[in-house]
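> My questions will all concern the structure given below.
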Amino acid sequence: MKTYSYLLNVIEKKRAAYLILVDPDKISGEKLTSFVSACTKAGVDGFLIGGSLLMGGNLEAAIDTIKKGSDLPTIIFPGAVHQLYDRADAVLYISLISGRNAEHIIGKHIIAAPIIKRMELEAISTGYMLIESGVKTTAEYISGSSPIPRNKPEIAVATALAGQYLGMKFIYLEGGSGAQYSVPKEMVSAVSKAVDIPVIVGGGIRTPEEASEKIESGAKIVVTGNYFEDEKNWDLLKEFADAVHKKN
Ligand code: 1GP
Numbered sequence: 010m011k012t013y014s015y016l017l018n019v020i021e022k023k024r025a026a027y028l029i030l031v032d033p034d035k036i037s038g039e040k041l042t043s044f045v046s047a048c049t050k051a052g053v054d055g056f057l058i059g060g061s062l063l064m065g066g067n068l069e070a071a072i073d074t075i076k077k078g079s080d081l082p083t084i085i086f087p088g089a090v091h092q093l094y095d096r097a098d099a100v101l102y103i104s105l106i107s108g109r110n111a112e113h114i115i116g117k118h119i120i121a122a123p124i125i126k127r128m129e130l131e132a133i134s135t136g137y138m139l140i141e142s143g144v145k146t147t148a149e150y151i152s153g154s155s156p157i158p159r160n161k162p163e164i165a166v167a168t169a170l171a172g173q174y175l176g177m178k179f180i181y182l183e184g185g186s187g188a189q190y191s192v193p194k195e196m197v198s199a200v201s202k203a204v205d206i207p208v209i210v211g212g213g214i215r216t217p218e219e220a221s222e223k224i225e226s227g228a229k230i231v232v233t234g235n236y237f238e239d240e241k242n243w244d245l246l247k248e249f250a251d252a253v254h255k256k257n
């Protein structure tokens, strides 16, 4: 449980962790090398790699590139069973507990389990919850499941508690990549208060203030992806990392 312990340690030492989602369809090669270096200098705590849909991107090459440029953990964020690679440090073993599509709750996991075992990958069991975010996101469409309404924190609380009681190590509140609105702070707060396991929040976070607001509401890990696909925004990496880490 090296990567899981590492994340708990970051949360303890820095108040929260900041992870960057790398979509291999959107960035690769030299641009990824420069991005990894910018992230490392800015104080990012690790990388998630993957996506709901990989068109032409190469997950393995992206992980190799990140590992060449940084010692930060590479954690697969799998959109499908074929998104597994033995050189990664860990895989978020995500079960879509907000949905009712058995394939995404347990089906794909059974196919992936022997592969994960063979690869000796660290699997971090994560209760993944899609939250309504203004637009239909790729994650929602591909998974064929409806998100939890954003004005129903009680549904999110009950679902997250179920995840905890099933033994999950993290709860991931997901607005979906490119979400119009990020997960509401009231929901982050209600879920974080109800569960004892760390809450991850991602999707549609575009400012350091928004990142910090999630942490102040009780989240322990913030993830951003889209915003840094535009190189012009890289200057703000440190501001995001500081906003996540800073003590009040
Ligand atoms: C990770 O899907 C998110 O949880 C990333 O979302 O690309 O909107 O930052 P963005």
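Each residue of the sequence shown is one higher than the last, beginning at 10 in my numbering.
Even glycine gets a Cβ: it sits at the ideal position worked out from N, Cα and C.
Please read all numbers here as calculations on a predicted model, not as lab measurements.
1. Between Pro-156 and Ile-180, how many whole angstroms is the CB-CB distance? I'm expecting something under 8 Å.
2. Between Ser-142 and the rest of its own chain, which residues show a CB-CB distance below 8 Å, the 5 nearest in sequence each way excluded?
3. Three or more C-beta pairs closer than 8 Å, one from the segment 34 to 53 and one from the segment 246 to 256: is that the case here?
4. According to DSSP, Ala-99 sits in a beta bridge with which residue or residues?
5. Within the continuous alpha helix (DSSP H) that includes Gly-211, where are the two ends?
6. Can you determine whether any heavy atom of ligand 1 sits closer than 7 Å to the C-beta of Lys-83, and answer yes or no?
7. Provide the residue span of the beta strand (DSSP E) that contains Ile-180, from first to last.
8. Report, in whole angstroms, the separation of the C-beta atoms of Lys-77 and Thr-83, which I expect to be a contact under 8 Å.
9. Tell whether a beta-carbon distance below 8 Å holds between Val-100 and Leu-62.
10. Based on DSSP bridge pairs, tell me the residues matched to Thr-1.
11. Could you tell me the alpha carbon to alpha carbon distance between Val-278 and Trp-243, rounded to whole angstroms?
12. Hey, would you say the C-beta of Thr-216 is under 7 Å away from at least one heavy atom of ligand 1?
13. Report yes if the C-beta distance between Ser-104 and Ile-114 is below 8 Å; otherwise report no.
14. Only counting the same chain, and skipping five residues up and downstream in sequence, which positions put a Cβ closer than 6 Å to that of Glu-248?
15. In or out: Val-45 buried (at least 16 other Cβ within 10 Å) or exposed?
16. Can you tell me the Cβ-Cβ gap for Ala-66 and Asp-34, rounded? I've got them flagged as a contact below 8 Å.
17. Does the distance from the C-beta atom of Ala-169 to that of Tyr-27 stay below 8 Å?
18. Of all Cβ atoms in chain B, is any one closer than 8 Å to the Cβ of Val-100?
19. Smallest Cα separation from Gly-227: which of Tyr-102, Leu-68, Pro-207 and Leu-41?
20. Compare the C-alpha of Phe-86 against each of Ala-70, Ala-132 and Leu-245 and name the closest.
21. Do you know whose CA, among Lys-40, His-91 and Leu-81, lies nearest Met-64's CA?
22. Just grab the DSSP bridge partners of Tyr-137 for me.
23. Which two residues bound the contiguous alpha helix (DSSP H) that contains Ile-58?
24. Buried or exposed for Gly-234, please, with buried defined as at least 16 other CB atoms from any protein chain shown within 10 angstroms of its CB.
25. Ligand 1 and Thr-233: does the residue's C-beta get closer than 7 Å to at least one heavy atom of that ligand?
26. Any heavy atom of ligand 1 within a distance shorter than 7 Å of the CB on Glu-163?
To lay it out plainly:
1. In fact, because the Cβ distance is near 15 Å, the residues do not count as touching under 8 Å.
2. Pro-156, Arg-159, Gly-184, Gly-185, Ala-188, Gln-189, Tyr-190, Ser-191, Val-192, Gly-212 and Gly-213
3. yes
4. Ile-84 and Glu-131
5. Element bounds for Gly-211: not the alpha helix (DSSP H) but the beta strand (DSSP E), 208 to 211.
6. Note on residue identity: the sequence assigns Thr, not Lys, to residue 83. No, ligand 1 has no heavy atom inside 7 Å of this Cβ.
7. 179 to 183
8. Not confirmed; about 11 Å, so no contact.
9. no
10. There is no way to answer for residue 1, as the model of the chain reaches only from 10 to 257.
11. The question about residue 278 has no answer, for the chain in this structure spans 10 to 257.
12. no
13. yes
14. Pro-217
15. buried
16. A small fix is needed here, since residue 66 is Gly in this sequence, not Ala. Right, the Cβ-Cβ distance comes to about 4 Å (below 8 Å), so this counts as a contact.
17. no
18. Looking at the structure shown, chain B is missing, and only one protein chain is on hand.
19. Pro-207
20. Ala-132
21. His-91
22. Leu-105 and Tyr-181
23. That residue, Ile-58, is in no alpha helix (DSSP H); its beta strand (DSSP E) goes 55 to 58.
24. buried
25. yes
26. no
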